[in-house]
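Note sheet for the following structure.
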Amino acid sequence: MDSFRFQPGETPVLLSIPHVGTVIPSDIEACMTEAALAQPDADRHLDRLYHFAPALGIGFLRPVLSRYVVDLNRDPAGAASYPEISNTELCPLTSFDFQPLYQPGRAPDAAEVERRVGAFWRPYHEQLDAELRSLRDRFGVAVLLDAHSIRRQVPRFFGGALPDFSLGTGDGTTAAPALVSRLMNVLSANGRYSSVLNGSFNGGFITRRYGRPKENIHAIQLELAQSIYMDEEPPFGFRPDLAGDVKPCLERLVSVLVEWAWENASTRRAAFL
Numbered sequence: 001m002d003s004f005r006f007q008p009g010e011t012p013v014l015l016s017i018p019h020v021g022t023v024i025p026s027d028i029e030a031c032m033t034e035a036a037l038a039q040p041d042a043d044r045h046l047d048r049l050y051h052f053a054p055a056l057g058i059g060f061l062r063p064v065l066s067r068y069v070v071d072l073n074r075d076p077a078g079a080a081s082y083p084e085i086s087n088t089e090l091c092p093l094t095s096f097d098f099q100p101l102y103q104p105g106r107a108p109d110a111a112e113v114e115r116r117v118g119a120f121w122r123p124y125h126e127q128l129d130a131e132l133r134s135l136r137d138r139f140g141v142a143v144l145l146d147a148h149s150i151r152r153q154v155p156r157f158f159g160g161a162l163p164d165f166s167l168g169t170g171d172g173t174t175a176a177p178a179l180v181s182r183l184m185n186v187l188s189a190n191g192r193y194s195s196v197l198n199g200s201f202n203g204g205f206i207t208r209r210y211g212r213p214k215e216n217i218h219a220i221q222l223e224l225a226q227s228i229y230m231d232e233e234p235p236f237g238f239r240p241d242l243a244g245d246v247k248p249c250l251e252r253l254v255s256v257l258v259e260w261a262w263e264n265a266s267t268r269r270a271a272f273l
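Just so you know, the sequence shown maps onto residues 1 to 273 in the UniProt record's numbering.
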């Protein structure tokens, strides 16, 4: 089974959607609870929401498998992405609402976790790392947009309600300030959706691992409140009416990302048009 899908682009920008997958292999599924199989924590429909990205020349990388199999945005060494809160594991044992994901006595042991890292986690990251380096070598700069979404209220992770758009840059360490400022200007000017920079989500493992501005590789995490484009309750349906409203702002944001990347590329854009 292929554990991810990759489509190269023709710009210095790569879109990664690490939590959009929903497939669970049958041997793992047999060990899980009904709560797990409902997959309430998937970043559902983000590939549909970002369907415009290939038309902008953006490459994309997304997993097939569920984050419950192995979380691609976690450190395989076990370090917490956000030490101040209750994190879920590399191979999660509970949902965001603390519901057990495995039947009693059937949670993955250390050997099984290592197997999943080798079979599913590592190939995704090898592709991600290789593509970012390739873009940087080809264009002189590479920009990663790491796309996520989450329910507006998850007490396990943050108090109150999440803004519509949460931009994370590792507290200013993973992307050029000029790029971040331009993106925040887009969000501030939209007049409809709330936004924050380096709030509750200031950049997870992927953003911090790959964002190296001194090496001309920039990474930004964008966390969307799911209520602006889908139903947060089962069956977690996509909402074309809501998505139609948010897409112009999202597309403008991503277009600015591409514009900045071309402005800072050492290879002329015209050569690839």
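Heads up, the beta-carbon is just placed ideally off N, CA and C, and yes, glycines get one too.
Cβ neighbours of residue i in the same chain (closer than 6 Å, five flanking residues each side left out)
{"i": "residue 276", "result": "For residue 276 there is no data in the structure shown, the boundaries of the chain being 1 and 273."}
{"i": "residue 99", "result": "35"}
{"i": "residue 43", "result": "19, 20, 148, 149"}
{"i": "residue 163", "result": "194, 195, 196"}
Contact under 8 Å by Cβ, residue i with residue j
{"i": "residue 251", "j": "residue 52", "result": "yes"}
{"i": "residue 31", "j": "residue 106", "result": "yes"}
{"i": "residue 58", "j": "residue 101", "result": "no"}
{"i": "residue 21", "j": "residue 63", "result": "yes"}
{"i": "residue 90", "j": "residue 70", "result": "yes"}
{"i": "residue 3", "j": "residue 193", "result": "no"}
{"i": "residue 220", "j": "residue 246", "result": "no"}
{"i": "residue 202", "j": "residue 244", "result": "no"}
{"i": "residue 264", "j": "residue 136", "result": "no"}
Delimiting residues of the beta strand (DSSP E) encompassing residue i
{"i": "residue 150", "result": "142-150"}
{"i": "residue 46", "result": "No beta strand (DSSP E) holds residue 46; the alpha helix (DSSP H) holding it covers 46-49."}
{"i": "residue 5", "result": "4-7"}
{"i": "residue 192", "result": "Looking at the DSSP string, residue 192 is not in any beta strand (DSSP E), and its letter there is neither H nor E."}
Residue range of the alpha helix (DSSP H) that includes residue i
{"i": "residue 234", "result": "Run containing residue 234: none; DSSP gives neither H nor E here."}
{"i": "residue 206", "result": "205-210"}
{"i": "residue 37", "result": "34-37"}
Bridge-paired residues (DSSP) for residue i
{"i": "residue 238", "result": "230"}
{"i": "residue 118", "result": "DSSP output for residue 118 lists no bridge partner at all."}
{"i": "residue 223", "result": "148, 166"}
{"i": "residue 63", "result": "4"}
{"i": "residue 102", "result": "32"}
{"i": "residue 16", "result": "61, 146"}
{"i": "residue 23", "result": "65"}
{"i": "residue 217", "result": "142, 212"}
{"i": "residue 94", "result": "100"}
Cβ-based neighbour list, residue i, same chain, cut-off 7 Å, excluding 5 preceding and 5 following
{"i": "residue 38", "result": "234"}
{"i": "residue 205", "result": "73, 74, 75, 81"}
{"i": "residue 272", "result": "Because residue 272 carries a pLDDT of 39, less than 50, the predicted location of this residue cannot be relied on, and no value is offered for it."}
{"i": "residue 151", "result": "226, 232"}
{"i": "residue 13", "result": "58, 143, 145, 257, 258, 261"}
{"i": "residue 270", "result": "Bear in mind that the predicted position of residue 270 carries a pLDDT of just 42, short of 50, making it too unreliable to give a figure here."}
Same chain, Cβ closer than 8 Å to residue i, neighbours up to 5 away in sequence not counted
{"i": "residue 180", "result": "167, 169, 172, 197, 220"}
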